[in-house]
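Colleague:
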Amino acid sequence: MHVKRQSIVDFQVTACYSAYINMISYSIVKKSKRSSARAGIIHTPHGDVETPALVGVATQATVKTLTSDEVVQTGSSLLIANTFHLHLKPGEDIVKRNGGLHDFMHWDKALMTDSGGYQVFSLGFGRDHNIGKIVKEDTPLTLSTHASSKNVKITSDGVYFNSPIDGKKLFIGPKESIAIQQKLGADIIFAFDECTPPIADRAYTQKSMDLTHTWAHVCVSSKKSDQSLFSIIQGGKFKDLRIQSAKTIASLPVDGFGIGGELGFDKKEMFTMLGWVTHELPENKPRHLLGNGHIDDLETIFSRGVDTLDCIIPTHYARHGVAFTAQGKLDMSKSQYLSNKDPLDILCSCMVCQTYSKSYLCHLIRAKELTALRLLSFHNLFYFNGVVASIRQKILDNKI
RNA sequence: GCUGGGUUAGCGAAGUGGUCAAACGCAUCUGACUGUAAAUCAGACGGCUUUAUGCCUUCGGAGGUUCGAAUCCUUCACCCAGCA
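So the first sequence is numbered by the numbering used here: it starts at 1 and just counts up by one.
#1: Taking the straight line between their C-alpha atoms, what separation do you get for Ser357 and Asp342?
#2: In whole angstroms, what is the alpha-carbon distance linking Tyr160 and Leu170?
#3: Is the Cβ-Cβ distance between Thr74 and Gly56 less than 9 angstroms?
#4: Do the region 280-296 and the region 315-322 touch if we need at least three Cβ pairs shorter than 8 angstroms?
#5: What does the alpha-carbon distance come out to for the pair Leu143 and Glu137?
#6: Taking DSSP as the reference, what is the three-state secondary structure of Val49?
#7: Give me whichever residues DSSP pairs with Asp103 in a beta bridge.
#8: With C-beta atoms as the reference, is Leu344 less than 9 angstroms away from Leu361?
#9: Could you compute how far the alpha carbon of Asn398 sits from the alpha carbon of Ile41?
#10: Grab me the residues of Glu269's own chain with a C-beta within less than 8 angstroms of its C-beta, minus the 5 sequence neighbours each way, in chain order.
#11: Using three-state DSSP, classify Ser377 as helix, strand or coil.
#12: Consult DSSP for Ala39 and reduce its assignment to one of helix, strand or coil.
#13: Would you give the residue range spanned by the alpha helix (DSSP H) that Ala81 belongs to?
#14: Is the separation between the beta-carbon of Gly256 and that of Ser245 shorter than 9 angstroms?
#15: Using 8 angstroms for Cβ pairs, my map puts Lys30 next to Leu396. What's the rounded Cβ distance?
#16: Determine the direct distance from the alpha carbon of Val277 to that of Ala401, and round the result to whole angstroms.
#17: Let me confirm a value: Ile400 is counted as buried when at least 16 other C-beta atoms fall within 10 Å, else exposed. Which label applies?
#18: Do Ala61 and Phe104 have their C-beta atoms within less than 9 angstroms of each other?
#19: So, using beta-carbon positions, are Thr44 and Ser225 closer together than 9 angstroms?
#20: What are the boundary residues of the beta strand (DSSP E) that includes Val135?
#21: Would you kindly work out how many angstroms separate the C-alpha atoms of Met1 and Leu101, rounded to a whole number?
#22: Could you check the C-alpha separation between Ile408 and Arg242 for me, to the nearest Å?
#23: Once the 5 residues before and after Ile259 are set aside, which same chain residues still bring their CB inside 6 angstroms of it?
#24: Check the DSSP bridge columns for Val152 and list the partner residues they point to.
#25: Hey, how far is the Cα of Glu92 from the Cα of Gly185?
#26: What residue range is occupied by the uninterrupted alpha helix (DSSP H) comprising Arg97?
#27: Counting only the same chain and skipping the five closest in sequence on each side, list residues whose C-beta sits under 6 angstroms from that of Leu338.
#28: As an exercise, report each continuous alpha helix (DSSP H) stretch of at least 4 residues that is fully enclosed by the region 215-263, in chain order.
#29: According to the neighbour-count rule (16 or more other Cβ atoms, all chains shown, within 10 Å of its Cβ), is Gln119 buried or exposed?
#30: Taking all protein chains shown into account, decide if Asp240 is buried (16 or more other Cβ within 10 angstroms of its Cβ) or exposed.
#31: Once DSSP output is grouped into helix, strand and coil, what is the label at Leu66?
#32: Measure the C-alpha to C-alpha separation of Ile165 and Arg392 and round it to an integer number of angstroms.
#33: Which value, in whole angstroms, describes the spacing of the CA atoms of Ile188 and Arg34?
#34: What does the alpha-carbon distance come out to for the pair Gln182 and Leu111?
#35: Where does Lys175 sit, in a helix, a strand or coil, going by DSSP?
#36: Round the Cβ separation of Ala191 and Ala216 to the nearest angstrom and send it over; I've been treating them as touching at under 8 angstroms.
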């Protein structure tokens, strides 16, 4: 993969079909009769991705703590890296000079890059109010159209950020995001959007959605590469806006869809909202749910017609000492596990469960050994991928 | 033996007459975490209860000065350094 040895003939054939080969395509293997679930395959220039699929989060061109080879062993076939972070460090030109993201990070399978739209929220209102994308219902905070963030200035052309690294001002709009993503060279790139804050009122949500739609058009027209473009649906918690957004984005010449922003205060609401959105989308293109995927929600999310989703939970929680198992979430920093000689999950066939005891992992966590973070990250990703694979099987077996 | 420095909550370490149940760090415990500002963050951490501008017991031991002592004095114990 690193060093490509091709005969002249091979090269010509590749060149001949490159415009075709480099786009993704999606095929449905099985459509559920019981729900909106689909089992399918996204064909990419870097291999097929069987869907539903969990997309591993590799924000800074790495799934934190794991090598790319290890990520392959966890069963992942698609990762998502981040435009904003890679623009800051090391810069897209460095990545390009290293042969693009795939070569740079030695990842031979499919890749997405997120557009930086999430950072519009997380480094803006998210940071201002110390909130995440999902917020409890009883928050007194509200954002209306006049609201402005300390750290991020949103204009019709794009967004002025303060770099979280050195405070330096930088500007990213739809054109800039696409230009960066072209240099990064992932198979699938995302349109620049504003991740609508969960505390936005209707007026703000609408304005933000309109802006995201405007930017989506700019992204479509400024893309010069043969990468596949996914465009993001917003609309917050408002049914008419979600539907309007889905219809608008669906009418664009894009290759797939992202479902973004906040999805209500509770799980039920989220599942309902996903239904509103996927109902409006054409069947022949993949739908990606951005940044959402508690383990217990996966089956219902996929049953609403979502094909892929990315979520930091398996790797993020791992670094905070939490392991996911068939017995639930285990906080491996708890001293009770020091005397437990069983594997994390007795039925798990991952390298960690085949090799190490809870006692050892608990010790490593408590001793703050980096290996602990690696082992839990590996297990959690493997475990999540296994759960998603079993959901796919259930769809194939008419059980979902 | 002499001289000097020291002994503070589980550990390390501030504090040198009142605002001290005693800063801060570590350890411990409890919570958070959903397109990664995240190997992070927040809270508790002498005891008791009616959870409070509440009560009780603490700063090597004992005694003293003072309205009031972790802080000053005496003495004892132990530790460290230098000198014999």
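From the three backbone atoms N, C-alpha and C, an ideal C-beta is built for every residue, glycine too.
Modeller: A quick look at the data gives this:
#1: 5 angstroms
#2: 6 angstroms
#3: Less than 9 angstroms separates the beta-carbon of Thr74 from that of Gly56.
#4: At 8 angstroms Cβ cutoff, the stretches do not touch.
#5: 14 angstroms
#6: Here Val49 sits in strand by DSSP.
#7: Asp103 pairs with nothing; no bridge assigned.
#8: yes
#9: About 17 angstroms.
#10: Lys237 and Leu263
#11: helix
#12: strand
#13: Careful: Ala81 lies outside any alpha helix (DSSP H), inside the beta strand (DSSP E) at Leu78 to Asn82.
#14: Not a contact, by the Cβ cut-off of 9 angstroms.
#15: 5 angstroms
#16: Nothing in the structure corresponds to residue 401, since the chain is present only between 1 and 400.
#17: buried
#18: Yes.
#19: no
#20: Neither: Val135 is in no beta strand (DSSP E) and is coded neither H nor E.
#21: Reliability of the predicted coordinates at Met1 is poor, the pLDDT of 41 falling under 50, and the value obtained from them is presented with this limitation in mind. Using only the alpha carbons, I get a separation of about 12 angstroms.
#22: The structure shown does not extend to residue 408, since the chain is modelled only from 1 to 400, so the question has no answer here.
#23: Ile233, Val277 and Leu289
#24: Phe161
#25: 9 angstroms
#26: Glu92 to Arg97
#27: Ser359 and Cys362
#28: 239-250
#29: buried
#30: exposed
#31: Here Leu66 sits in coil by DSSP.
#32: 40 angstroms
#33: Whole-angstrom Cα-Cα distance: 30 angstroms.
#34: 13 angstroms
#35: helix
#36: 5 angstroms
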